[in-house]
Amino acid sequence: MFKGRIAALVMTMMIVGCSTRPAIPVSDEQTLVMESSVLAAGITAQQPALTISEIKSSASSALFNETNEPVTVHYRFFWYDVRGLEMHPLEAPRSVTLPARSSVTLYDSASYLGAHKVRLYLYL
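Following my numbering, the numbering of the sequence shown begins with 12 at its first residue and continues without gaps.
Shown next as C-alpha coordinates:
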(Lines of atoms letter the chains of each structure in order from A and count residues from 1; the text may use other names and numbers.)
(Lines give C-alpha, C1' and ligand atoms only; values in the text may rest on other atoms or scores of the structure.)
Protein backbone atom coordinates (compact mmCIF):
# COMPACT_ATOMS: atom_id res chain seq x y z
CA MET A 1 0.00 0.00 0.00
CA PHE A 2 2.86 2.37 0.87
CA LYS A 3 4.60 1.57 -2.44
CA GLY A 4 1.36 2.32 -4.31
CA ARG A 5 1.13 5.78 -2.73
CA ILE A 6 4.74 6.53 -3.60
CA ALA A 7 4.16 5.40 -7.20
CA ALA A 8 1.08 7.62 -7.44
CA LEU A 9 3.02 10.57 -6.05
CA VAL A 10 5.86 10.04 -8.53
CA MET A 11 3.41 9.82 -11.44
CA THR A 12 1.65 13.00 -10.33
CA MET A 13 4.96 14.86 -10.13
CA MET A 14 5.93 13.67 -13.60
CA ILE A 15 2.63 14.86 -15.07
CA VAL A 16 2.97 18.25 -13.40
CA GLY A 17 6.54 18.57 -14.69
CA CYS A 18 5.44 17.79 -18.24
CA SER A 19 2.72 20.43 -18.26
CA THR A 20 5.06 23.42 -18.02
CA ARG A 21 5.34 25.94 -20.86
CA PRO A 22 8.00 25.11 -23.48
CA ALA A 23 9.10 28.77 -23.78
CA ILE A 24 12.08 30.10 -21.89
CA PRO A 25 11.09 33.69 -21.09
CA VAL A 26 13.65 36.40 -21.53
CA SER A 27 12.72 39.32 -19.35
CA ASP A 28 13.19 42.74 -20.90
CA GLU A 29 15.01 43.63 -17.70
CA GLN A 30 17.56 40.82 -18.19
CA THR A 31 19.03 41.86 -21.51
CA LEU A 32 22.48 42.49 -20.01
CA VAL A 33 24.34 39.87 -17.97
CA MET A 34 27.75 40.76 -16.53
CA GLU A 35 29.98 38.58 -14.41
CA SER A 36 31.04 40.24 -11.18
CA SER A 37 34.66 40.26 -12.36
CA VAL A 38 33.68 42.65 -15.17
CA LEU A 39 32.26 45.13 -12.68
CA ALA A 40 35.29 44.67 -10.43
CA ALA A 41 37.54 45.53 -13.40
CA GLY A 42 35.81 48.92 -13.71
CA ILE A 43 33.68 48.11 -16.76
CA THR A 44 30.10 49.34 -17.03
CA ALA A 45 27.67 48.78 -19.89
CA GLN A 46 24.37 49.96 -21.28
CA GLN A 47 21.47 47.61 -21.91
CA PRO A 48 21.55 46.40 -25.53
CA ALA A 49 19.48 48.54 -27.89
CA LEU A 50 17.48 46.20 -30.14
CA THR A 51 16.36 47.04 -33.67
CA ILE A 52 13.90 44.54 -35.16
CA SER A 53 13.32 44.40 -38.91
CA GLU A 54 11.67 41.90 -41.21
CA ILE A 55 15.00 40.86 -42.67
CA LYS A 56 17.56 41.00 -39.86
CA SER A 57 17.46 42.19 -36.27
CA SER A 58 20.44 44.01 -34.79
CA ALA A 59 21.63 45.12 -31.37
CA SER A 60 24.22 47.48 -29.94
CA SER A 61 25.57 48.22 -26.49
CA ALA A 62 28.11 50.74 -25.22
CA LEU A 63 30.82 49.58 -22.80
CA PHE A 64 32.74 52.01 -20.61
CA ASN A 65 36.17 51.51 -19.05
CA GLU A 66 36.39 53.69 -15.95
CA THR A 67 39.94 52.67 -15.04
CA ASN A 68 43.37 53.93 -16.06
CA GLU A 69 44.31 50.58 -17.63
CA PRO A 70 43.06 48.86 -20.81
CA VAL A 71 40.74 45.92 -20.13
CA THR A 72 39.90 43.02 -22.47
CA VAL A 73 36.28 41.91 -22.24
CA HIS A 74 34.79 38.80 -23.83
CA TYR A 75 31.19 38.88 -24.94
CA ARG A 76 28.46 36.99 -26.70
CA PHE A 77 25.05 38.04 -27.97
CA PHE A 78 22.31 35.47 -27.43
CA TRP A 79 19.28 35.74 -29.73
CA TYR A 80 15.75 34.56 -28.91
CA ASP A 81 12.61 34.05 -30.96
CA VAL A 82 9.20 35.57 -30.22
CA ARG A 83 8.42 32.75 -27.74
CA GLY A 84 11.65 33.33 -25.82
CA LEU A 85 13.47 30.24 -27.14
CA GLU A 86 17.20 30.57 -27.72
CA MET A 87 18.13 30.46 -31.40
CA HIS A 88 20.87 28.04 -32.47
CA PRO A 89 23.62 27.65 -33.55
CA LEU A 90 25.21 30.10 -31.13
CA GLU A 91 27.73 32.54 -32.48
CA ALA A 92 31.31 32.27 -31.27
CA PRO A 93 32.31 34.46 -28.32
CA ARG A 94 34.19 37.62 -29.26
CA SER A 95 36.62 39.92 -27.46
CA VAL A 96 37.23 43.64 -27.35
CA THR A 97 39.92 45.67 -25.58
CA LEU A 98 38.65 48.86 -24.02
CA PRO A 99 41.35 51.54 -23.78
CA ALA A 100 41.74 53.34 -20.46
CA ARG A 101 39.03 55.91 -19.67
CA SER A 102 37.11 55.34 -22.91
CA SER A 103 34.13 53.58 -24.40
CA VAL A 104 33.47 51.07 -27.17
CA THR A 105 30.15 50.19 -28.81
CA LEU A 106 29.47 46.53 -29.57
CA TYR A 107 27.29 45.65 -32.57
CA ASP A 108 25.71 42.38 -33.66
CA SER A 109 23.18 41.28 -36.24
CA ALA A 110 21.10 38.15 -35.81
CA SER A 111 21.94 35.44 -38.30
CA TYR A 112 18.41 34.09 -37.98
CA LEU A 113 15.04 35.18 -39.27
CA GLY A 114 12.56 35.73 -36.47
CA ALA A 115 14.97 37.00 -33.80
CA HIS A 116 12.94 39.24 -31.47
CA LYS A 117 14.93 39.38 -28.25
CA VAL A 118 18.59 39.66 -27.38
CA ARG A 119 20.78 39.18 -24.33
CA LEU A 120 24.38 40.36 -24.05
CA TYR A 121 26.71 38.34 -21.81
CA LEU A 122 29.98 39.96 -20.67
CA TYR A 123 32.90 38.23 -18.94
CA LEU A 124 36.67 38.59 -18.53
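Ideal placement from N, C-alpha and C gives every residue a C-beta, glycine not left out.
Selected residue, minimal CA-CA separation from residue i, among the options
{"i": "L101", "options": "I54, M45, R130, V84", "result": "R130"}
{"i": "L50", "options": "V93, F75, Y91, V107", "result": "F75"}
{"i": "E97", "options": "Y123, A60, R112", "result": "Y123"}
{"i": "L117", "options": "S71, L135, E77, E80", "result": "S71"}
{"i": "A56", "options": "G125, R94, Q41", "result": "Q41"}
{"i": "V93", "options": "V44, L43, S68, P59", "result": "S68"}
Span of the beta strand (DSSP E) around residue i
{"i": "A121", "result": "Segment: none, A121 is in no beta strand (DSSP E) and carries neither H nor E."}
{"i": "L101", "result": "Run containing L101: none; DSSP gives neither H nor E here."}
{"i": "L61", "result": "60-62"}
{"i": "R87", "result": "82-91"}
{"i": "S72", "result": "69-76"}
DSSP state of residue i mapped onto helix, strand, coil
{"i": "A51", "result": "helix"}
{"i": "H127", "result": "coil"}
C-alpha gap between residue i and residue j, whole angstroms
{"i": "I63", "j": "H127", "result": "7 Å"}
{"i": "L109", "j": "L133", "result": "13 Å"}
{"i": "S47", "j": "I54", "result": "10 Å"}
{"i": "R87", "j": "P104", "result": "5 Å"}
{"i": "S113", "j": "T83", "result": "13 Å"}
{"i": "D119", "j": "E65", "result": "16 Å"}
{"i": "P81", "j": "W90", "result": "29 Å"}
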